[in-house]
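Residue numbers (this note's numbering): 489 to 778.
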């Protein structure tokens, strides 16, 4: 599968020159994204690299999740001007900062494939430029990989730590973790009661927050790969011309796959997709993921 991607740099009138996104930096980031998604069996086709300026852009260069509804139209307008406002075209917006609900800085946010009007307008990924590789003022502990993580949400992938040990990302071949740990190693959950593994191990899954899930070492599990292709084929490519479907959903498997966390062996995406059952509708979901 191949996905068209357009990059939008929202350049504020107050952005210091030291924080400018240089062409070489974006080249490196695109290469990182391509390498990461190749592990998902997805190729990218870069359709454009745009710089946006102006009074409206100044309002959105510090992206505040609490004001997402107010600023969504700004992003939607950009996409409509370029003709990239379709559900299977990945728009990545590069901004100075991204703020969580409590005002703390985070690396980015991304929309699941949803039908909510506000989410449609800013469908895509909003990523802080400081998370990119070779940025002079870096933020976070895994430069270049944060964008891969966010794009995973665009394909409908969840975190392996949401809900703690009693939670689940709906997949059988990803370990569940008690908290959203940002360190290199972490103890995984043994059961829903909260018992943990005896020793901490690196967490290489891109959908975690772990610094071990970096560009060089990160991976997607086999069921994550299948789930991502469902997200693309069913939700994003299906929603282009159809009303929001019912009876369709995220994930769910009838039997576990291989216990290996990662594999370079060929994966039959169609075979894995056919094993996904018990799907439920996501059409009323209005969440963004960080």
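Ideal Cβ positions, reconstructed from N, Cα and C, are used throughout, including at glycine.
Host beta strand (DSSP E) of residue i (start-end)
| i | result |
| --- | --- |
| residue 579 | 578-583 |
| residue 535 | 531-540 |
| residue 704 | No beta strand (DSSP E) holds residue 704; DSSP gives it neither H nor E. |
| residue 599 | 596-599 |
| residue 502 | Premise fails: residue 502 is in no beta strand (DSSP E) and is neither H nor E. |
Per-residue DSSP class, three states only, for residue i
| i | result |
| --- | --- |
| residue 717 | helix |
| residue 586 | strand |
| residue 611 | coil |
| residue 722 | helix |
| residue 617 | helix |
| residue 593 | strand |
| residue 573 | coil |
Sequence-distant residues of the same chain with beta carbon closer than 8 Å to residue i, five excluded per side
| i | result |
| --- | --- |
| residue 561 | 609 |
| residue 671 | 698, 699 |
| residue 625 | 506, 507, 618 |
| residue 682 | 652, 653, 654, 666 |
| residue 503 | 549, 584 |
Distance CB(residue i)-CB(residue j) smaller than 8 Å
| i | j | result |
| --- | --- | --- |
| residue 576 | residue 720 | yes |
| residue 586 | residue 594 | yes |
| residue 540 | residue 499 | yes |
| residue 597 | residue 553 | yes |
| residue 574 | residue 532 | no |
| residue 524 | residue 643 | no |
| residue 667 | residue 651 | no |
| residue 522 | residue 630 | no |
| residue 703 | residue 578 | no |
| residue 559 | residue 567 | no |
| residue 513 | residue 623 | yes |
| residue 489 | residue 545 | no |
Opening and closing residue of the alpha helix (DSSP H) in which residue i lies
| i | result |
| --- | --- |
| residue 524 | 511-526 |
| residue 552 | Careful: residue 552 lies outside any alpha helix (DSSP H), inside the beta strand (DSSP E) at 550-552. |
Sequence-distant residues of its chain with Cβ nearer than 6 Å to residue i (five each side left out)
| i | result |
| --- | --- |
| residue 611 | 599 |
| residue 549 | 498, 500, 583, 584 |
| residue 696 | 648 |
| residue 528 | 708, 713, 716 |
| residue 495 | 537, 580 |
| residue 619 | 595, 627, 628, 634 |
| residue 676 | 663, 665, 685 |
| residue 706 | 633, 692, 694 |
Neighbourhood of residue i by C-beta, 7 Å cutoff - its chain only, sequence neighbours within 5 removed
| i | result |
| --- | --- |
| residue 654 | 680 |
| residue 517 | 620, 621, 632, 635 |
| residue 674 | 665, 688, 691, 698 |
| residue 637 | 694, 695 |
| residue 725 | 576 |
4-residue-minimum alpha helix (DSSP H) runs that sit fully inside the segment 620-692, ordered along the chain: 633-642
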